[in-house]
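Worksheet for the structure shown next.
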Amino acid sequence: MTGVTEALRRPRPTHAVREEAHAVGRAARAACRGPGRERDLLVQSLKASAAAILSWLVAGVWMGDPMALMAPWVAVVLVQATVYSSLMQAARQFTAICAGALLASLALAVTGNTLGAVALSVPLLMLLANWPRFGDQGIYGATTALFTLATGAADAFAVGHRVGQAALGAVIGIAVNAFVLPPIHLRDVRENLAALAREAGDVLHTVSGDLRDGEWDAQGWSHASARLERRLDALRSARGWSRESLRLTAAPRRAVRRLPASVPPEQDDERWSRVTGHIRALTRTLAVAADDGRAPAPPTRPALDAYADLLQLIGDACHAESDRLLTADEAARPDDHAESAMRELRGQLQDGLREHAGQGGDGTTVLGSLLLQAENLWSETVPTGRHG
């Protein structure tokens, strides 16, 4: 019976296919709607296809090569996420291809037959592929050796021919990536930063609602905090792509006034990293208070209600910051009413903390820790709160 129940719980293949189809549809609509990650991926895919077609025309049609495979193969791989990475990958891949062609030729000369050449060259090239200097391009050494040996032509002329085709594909791939809508990833930083602020507000709203309803979902809060950490990792990755995408391309794009809007300063990353840390500490404190076997007890109901209201307002400030980042409206700021309400709630909680301490209540420790985290969050998310 348990097996039947588990089988019913598993998603059916048709449901998975529908979900994938809906995801593809959403991505297509997003690409048509306006600039964003989906459109960037579409542009890069079309550029890679164009580089492959152009390489095939040059090598196969104009140069009359009946085996015009190497040039488009290299070109399509080198249309990378940034121009700088295209150059770095080209250097690694070209070195790997040269090593594969040369070693295959030498192995065939030594062994005198294809099987022996494969047995001699491929294991060495696979070891070379794991050398960190090659990154993920080392595998092209082994594949080039296999292509070279499969065609049966591994003399000096054939090796030079394949190396020349690889160089041709590399030049075309890099040129297409550099001069046809070169990728700039500034928008990714802004979108990830805005998403981090939005999700931080969502977590605070969730905790606020649970406290009002008396539902101490410690596991749910922990999972939400972990998702926030993953979003922070995505922001750091996007920041790295942003820096790399401006290498070698910023000056030419500025010259023709095609550089996208500026990226948010790195101080914003640091600030929202601190916010993420404060939320993690807050959820851990609540998880401790929710555990009946632990010594600290949760605060009284009036204090919890005031704290829930304060978290709600701080979550609203996080959402406002997310909207500001997406619209690049630097003049936006929380309204005075929200700031006044925050100050009032903070005063109530401080009074409650003194009352708990005077009564020797068990909730003093927890309330004090929660109030400290709220103070930290308030000072990071509400600009004027840093001086209040």
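When you line the sequence shown up against the numbering used here, it's residues 33 to 420, in that order. Glycine included, each C-beta is placed from N, C-alpha and C at the ideal position.
Inset, instruction - Report the rounded CA-to-CA distance for residue 401 versus residue 408, giving the unit in angstroms. - result: Roughly 11 Å between the two C-alpha positions.
Inset, instruction - Please list the segments of the alpha helix (DSSP H) lying wholly inside the segment 172–236, counting only runs of 4 or more residues, in order along the chain. - result: As far as the segment 172–236 is concerned, its whole alpha helix (DSSP H) runs of at least 4 residues are 188–211.
Legend entry - Nearest candidate by alpha-carbon position, reference residue 141, set 184, 99, 105: Here the closest residue by C-alpha is 184.
Inset, instruction - Count the CB pairs spanning the segment 173–181 and the segment 122–131 that are closer than 8 Å, and state whether there are at least three. - result: They touch, by the three-pair rule.
Inset, instruction - Can you tell me which of the three DSSP states residue 94 falls into? - result: DSSP places residue 94 in helix when its eight states are reduced to three.
Inset, instruction - Determine the direct distance from the alpha carbon of residue 301 to that of residue 105, and round the result to whole angstroms. - result: When rounded, the distance between both Cα atoms is 39 Å.
Legend entry - residue 209 burial status per 10 Å Cβ neighbour count (16 or more: buried): Looking at its Cβ environment, which holds 16 or more other Cβ atoms inside 10 Å, residue 209 is buried.
Legend entry - Environment of residue 201 [buried if 16+ CB atoms lie within 10 Å]: When all chains shown are included, residue 201 counts as buried.
Inset, instruction - Leaving out five residues on either side along the sequence, give the residues of the same chain with a beta carbon under 7 Å from the beta carbon of residue 255. - result: Taken in chain order, the list of residues that qualify is empty.
Inset, instruction - Taking all protein chains shown into account, decide if residue 14 is buried (16 or more other Cβ within 10 angstroms of its Cβ) or exposed. - result: For residue 14 there is no data in the structure shown, the boundaries of the chain being 33 and 420.
Inset, instruction - Since I believe residue 258 is in contact with residue 221 (beta carbons under 8 Å), could you give me their beta-carbon distance rounded to a whole number of angstroms? - result: Between the beta-carbon of residue 221 and that of residue 258 there is about 22 Å, and that puts the pair past the 8 Å contact cut.
Inset, instruction - Give the DSSP-derived three-state secondary structure of residue 309 in the structure shown. - result: Three-state DSSP puts residue 309 in a helix.
Inset, instruction - For residue 261, collect the residues of the same chain with a Cβ closer than 8 Å to its Cβ; drop the 5 residues on either side in sequence, then sort them by chain order. - result: Excluding sequence positions up to five before and after residue 261, its CB lies within less than 8 Å of the CB of 308, 312, all in the same chain and listed in chain order.
Legend entry - Own chain, CB closer than 7 Å to residue 195, minus 5 neighbours either side, in chain order: Listed in chain order, the non-local C-beta contacts of residue 195 below 7 Å within the same chain comprise 129, 130, 133, local neighbours out to five positions each way being set aside.
Legend entry - Residue range of the alpha helix (DSSP H) that includes residue 356: Start and end: 333–359.
Inset, instruction - Compute the Euclidean distance between the alpha carbons of residue 64 and residue 80, then round it to the nearest angstrom. - result: If you take the alpha carbons of residue 64 and residue 80, they lie about 19 Å apart.
Inset, instruction - Would you identify the three-state DSSP class for residue 41, choosing helix, strand or coil? - result: A caution first: residue 41 carries a pLDDT of 46, below 50, which makes its placement in the model unreliable, though a value can still be read off. Here DSSP, grouped into helix, strand and coil, assigns residue 41 to helix.
Legend entry - Own chain partners of residue 243 with C-beta closer than 7 Å, once the 5 adjacent residues on each side are dropped: The beta carbon of residue 243 sits closer than 7 Å to those of 336, 339, 340, all from its chain and outside the five residues before and after it, given in chain order.
Inset, instruction - Identify which residue in 102, 99, 225, 111 has its Cα closest to the Cα of residue 74. - result: Of the listed residues, the one whose Cα sits closest to residue 74 is 111.
Inset, instruction - Just confirm the distance between the C-beta atoms of residue 318 and residue 253, as a whole number of angstroms; I'd bet it's less than 8 Å. - result: With 8 Å as the limit, residue 318 and residue 253 qualify as a contact, their Cβ atoms being about 6 Å apart.
Legend entry - C-alpha distance - residue 85 paired with residue 99, whole-angstrom precision: One Cα belongs to residue 85, the other to residue 99, and the distance between them is close to 14 Å.
Legend entry - C-beta contact flag for residue 203 and residue 82 at 9 Å: Residue 82 sits away from residue 203, with the two beta carbons spaced by 9 Å or more.
Inset, instruction - Return the chain-ordered list of same chain residues with a C-beta closer than 8 Å to the C-beta of residue 154, the five sequence neighbours on each side being excluded. - result: 174, 177, 178, listed in sequence order.
Legend entry - Spatial distance of residue 289 from residue 348 (CA atoms): Because residue 289 carries a pLDDT of 42, less than 50, the predicted location of this residue cannot be relied on, and no value is offered for it.
Inset, instruction - Kindly indicate which three-state DSSP category residue 301 falls into: helix, strand or coil? - result: Helix.
Legend entry - Reference residue 198; option with closest CA among 123, 230, 238, 248: The shortest Cα separation from residue 198 among 123, 230, 238, 248 belongs to 123.
Legend entry - Within 9 Å, strictly: CB atoms of residue 182 and residue 227: Cβ atoms of residue 182 and residue 227: not closer than 9 Å.
Inset, instruction - Step through the CB atoms of chain B and report whether any lies within less than 9 Å of the CB of residue 231. - result: Any reference to chain B falls outside this structure, which holds one protein chain only.
Legend entry - Exposure label - residue 53; buried when at least 16 CB within 10 Å: Exposed: under 16 other Cβ atoms inside 10 Å.
Legend entry - Check whether residue 169 and residue 240 have beta carbons under 9 Å apart: No, the Cβ-Cβ distance between residue 169 and residue 240 is not below 9 Å.
Legend entry - Straight-line Cα distance separating residue 298 from residue 264: Using only the alpha carbons, I get a separation of about 13 Å.
Inset, instruction - Measure the alpha-carbon distance for residue 314 versus residue 233 and round it to whole angstroms. - result: Here the alpha carbon of residue 314 sits roughly 14 Å from the alpha carbon of residue 233.
Legend entry - Buried/exposed call for residue 352, threshold 16 Cβ in 10 Å: Within 10 angstroms of the beta-carbon of residue 352 lie 16 or more other beta-carbons, which makes it buried.
Legend entry - Neighbour-count burial assignment, residue 145, 16 or more Cβ in a 10 Å radius: Residue 145 should be labelled exposed.
Inset, instruction - Under the assumption that residue 108 contacts residue 205 (Cβ atoms under 8 Å), give the Cβ distance between them as a whole number of angstroms. - result: About 7 Å separates the Cβ atoms of residue 108 and residue 205, confirming a contact at the 8 Å cut-off.
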